[in-house]
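A.B. asks: If you number the sequence shown the way this note's numbering does, the last residue is 80 and the count never jumps.
Note that beta-carbon positions come from the ideal geometry of N, C-alpha and C, so glycine has one too.
Submitted below is the structure of interest, expressed as structure tokens.
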Amino acid sequence: KVNIAVEGGKISGLQVVEHGESEDFFETAIDEISRDIIGKESTEEVDVVSGATLSSKGIIEAINSALKTIK
């Protein structure tokens, strides 16, 4: 579960509220995805992180769900 902040139609902040992933894989994924997602309108251009594919997919899915609730 994530909270996101959106300003001017673009993602300006990302906070993970809850996750059930392995810490090592999760940290790898969230660090890279956080850098990639800021300033974007969606997750379309955000790739999964090599070596943390499942964690990445879970984070991207959570971001998409959060975006749907604010649009």
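What does DSSP give as the partner residues of G22 in its beta bridges?
C.D. replies: G22 is bridged to A14.
A.B. asks: Is it true that the CB of A71 sits closer than 8 Å to the CB of K10?
C.D. replies: It is a contact, given that the beta carbons lie within the stated cut-off.
A.B. asks: Within 10 angstroms of the Cβ of A75, are there 16 or more other Cβ atoms? Answer buried if so, exposed if not.
C.D. replies: That one is buried.
A.B. asks: Can you give the beta carbon distance from S43 to L23, rounded, assuming they're within the 8 Å contact cut?
C.D. replies: Right, the Cβ-Cβ distance comes to about 5 Å (below 8 Å), so this counts as a contact.
A.B. asks: Quick one, which of I79, T78 and S64 has its alpha-carbon nearest A38's?
C.D. replies: It is S64 whose Cα lies nearest to the Cα of A38.
A.B. asks: Just reading off the alpha helix (DSSP H) that V70 is part of, what are its end residues?
C.D. replies: A small correction: the amino acid at residue 70 is Glu; Val does not occupy that position in the sequence shown. E70 -> alpha helix (DSSP H) spans T62 to I79.
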